[in-house]
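Structure first, commentary second.
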Ligand code: TRP
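Here it is, written out as structure tokens:
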């Protein structure tokens, strides 16, 4: 039997935004048709940065589930599960074992960890041991879902935003090392990054490329400040139309286009990047590009169009969210996902313990 499985997740630290949608959620939705899907709410990982705010995490678990349902993830499908990380004890156990295989120095080389640690320190927060080893816990999140029994052509796909790639490299490093030491037990994952990996924040200022503080570390030199809740430059999936209009109106455009008639440079304009990310109609994009360049389209109008585009885009999400807020049995979804994940996790852990010669008392009877 061949298993095609997805494991991916998000840290519940607040409501999700358009950057999450473009970087990750969009591809998750499409993959639901083909794969057995485990969508993990990584509340343990949220503790790495928010250990002092348990209520915030609790609220965010709910928000994340509603956001997921709003964009079209569907836990009513038999093949789709929402899983709460802290409820899967097998994850904690696998994290402990894998941590023995992870050289401490390698953790220091992970560029995403380095950038996030710097941000924590800049905010006056301490970098905990738990934070430092979270790539190991993320590896456990993924490798626990190794299919058992293993079949020819099994796949463990991890669709993520591009900032997660260093963690997936660590995951496969650990899988390979484990298998080499103890025999083939864990299935290496297949990373998958979408087309538009990243949206700039709505405060992106093309004039001040060094305005950062949150440079994208995965791609050194290209100093776009990505959309993030902590940077306060996000458009949330649950935002109402008025907030979208207000924030889009404040966005920067091409710095060399001061008056409507000035020739614009769409390739240097954050507003155009949004049009590009959210408008599937290539012909209309080309016309916009042209009118901007020849000066027949001004930035004010172009931003008004963008707000409308985004609001039209978000409307179905808003409707689904409103309905889910009233009637979705969120607790039941989590209970079902958790039960299934533990069932899978127990099989994996039996194999892991056997491979590591930790399966006492069986060891004595060999
Ligand atoms: N690191 C991810 C984030 O910050 C969340 C996450 C936890 C994850 N475990 C995972 C993503 C496993 C993919 C696979 O959002």
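Numbering (the working numbering), first residue to last: 48 to 413. Ideal Cβ placement from N, Cα and C applies to all residues, glycine included.
Below 8 angstroms CB to CB, which residues in the same chain sit around residue i once its five sequence neighbours on both sides are set aside?
i           : result
residue 110 : 59, 61, 62, 63 and 285
residue 411 : none
residue 48  : 196 and 198
Do you know whose CA, among the options, lies nearest residue i's CA?
i           : options               : result
residue 291 : 358, 337 and 81       : 358
residue 194 : 100, 54, 302 and 360  : 54
residue 396 : 135, 339, 49 and 112  : 135
residue 151 : 283, 164, 129 and 176 : 176
residue 241 : 324, 398, 372 and 381 : 324
residue 328 : 356, 299, 315 and 317 : 356
residue 246 : 283, 233, 232 and 236 : 283
residue 237 : 253, 200 and 171      : 200
residue 404 : 303, 362 and 225      : 225
Give the secondary structure of residue i by DSSP, where H, G and I count as helix, E and B as strand, and everything else as coil.
i           : result
residue 283 : strand
residue 313 : helix
residue 408 : coil
residue 150 : coil
residue 156 : coil
residue 58  : coil
residue 84  : strand
residue 379 : helix
residue 240 : strand
residue 203 : strand
residue 389 : helix
residue 288 : helix
How about residue i and residue j: do their beta carbons lie closer than 8 angstroms?
i           : j           : result
residue 213 : residue 288 : no
residue 221 : residue 249 : no
residue 310 : residue 341 : yes
residue 83  : residue 52  : yes
residue 93  : residue 138 : no
residue 57  : residue 89  : yes
residue 191 : residue 384 : no
residue 120 : residue 85  : no
Quick one: what's got a C-beta closer than 6 angstroms to residue i's C-beta in the same chain, skipping five residues either side?
i           : result
residue 230 : 402
residue 72  : 118
residue 321 : 353
residue 267 : With a pLDDT of 37 at residue 267, under the threshold of 50, the modelled position of this residue cannot be trusted; read the value that follows with caution. Excluding residues within five positions, none has a Cβ falling inside 6 angstroms.
residue 313 : 319, 336 and 339
residue 380 : 122 and 129
Quick one: residues in its chain with C-beta nearer than 7 angstroms to the C-beta of residue i, no 5 flanking neighbours on either side, listed in chain order?
i           : result
residue 182 : 154, 157, 160, 214 and 217
residue 369 : none
residue 399 : 141, 144 and 232
In chain order, each alpha helix (DSSP H) run of at least 4 residues that lies wholly inside the segment 106-191: 136-146, 151-154, 158-169, 176-179 and 181-190
Scan the segment 304-378 and note each continuous alpha helix (DSSP H) run of 4 residues or more that stays entirely inside, going in chain order. 317-325, 329-341 and 346-374
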